[in-house]
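Our numbering puts the first residue of the sequence shown at 777, with every later residue one more than the last. No residue lacks a Cβ here, since even glycine has one placed at the ideal position from N, Cα and C. The structure displayed is predicted, hence computed values, not measured ones.
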Amino acid sequence: WYLRKNEIASLTINELLYLGLSQKLLRDYRGADTTFGVILAKSPAYEYGWLQRADINHKMDTAEVKAFLAKPYYDKYIELASAAPEKNKVGLIEAYLYMLVFSAQAGEYDTARSYCDLVLNLDANEGRALEYAKILNGTKATDIPVEQPTDFKLLINLSTAKALGITIPQSVLLRAEAV
777 WYLRKNEIAS LTINELLYLG LSQKLLRDYR GADTTFGVIL AKSPAYEYGW LQRADINHKM
837 DTAEVKAFLA KPYYDKYIEL ASAAPEKNKV GLIEAYLYML VFSAQAGEYD TARSYCDLVL
897 NLDANEGRAL EYAKILNGTK ATDIPVEQPT DFKLLINLST AKALGITIPQ SVLLRAEAV
């Protein structure tokens, strides 16, 4: 619908956002990346747009040896989102973890530790950061026991489901921890 409408008239930022998110959900990552590129050209201070573009490029980076396509977008997101860390906590944790892995693979272990510290400052119990901290401090990955998840949460975003035309059955809604 948005693509047809775009042939007639320019889409609003909100319409572009829904188009980009729809493309991402459909795994049309190149289309989604292009759409978010348009959004960010129109609104370069839009933090969420940078986070989405980073995530999309991360998903496109599927090679055995990563090209780290998302790095410039996570850099920009961190620059913008760092002004309000509590508001952007989830996105910053995602960005810092990505940058941690990037830094470690580039052999920049002090920088990787710094990103690990940033994550743990936002969430002292963030499991991935705790595991990375052990490895960065010399523990061999093979010496770290594998832990099975014990806590699962079902979260449902009704507004996104509605925008995508998805009807969530009442039985599923009742089991959700947050709707």
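- A954 is bridged by DSSP to L931.
- In this chain, the alpha helix (DSSP H) harbouring V814 covers Y805 to K818.
- With a threshold of 16 other beta carbon atoms within 10 Å, Y891 meets it and is buried.
- Annotation: D809 to S798 spans about 12 Å, alpha carbon to alpha carbon.
- Within the same chain, Cβ atoms closer than 6 Å to the Cβ of H834 are found at A846, the five residues on either side in sequence being excluded.
- Counting of Cβ neighbours within 10 angstroms places Y885 among the exposed residues, the total staying below 16.
- DSSP places Y822 outside any alpha helix (DSSP H), giving it a letter other than H or E.
- By the neighbour-count criterion, in which 16 or more other beta carbons inside 10 Å mark a residue as buried, A905 falls on the buried side.
- With a threshold of 16 other beta carbon atoms within 10 Å, A843 falls short and is exposed.
- Shortest Cα-Cα distance from N897 to any of V866, A821 and Y805 involves V866.
- Here the C-alpha atom of L876 lies approximately 31 Å from the C-alpha atom of L795.
- In the three-state DSSP reduction, D899 falls in the coil class, being neither helix nor strand.
- Each residue's CA atom was taken as its position, placing Y822 and A880 some 28 Å apart.
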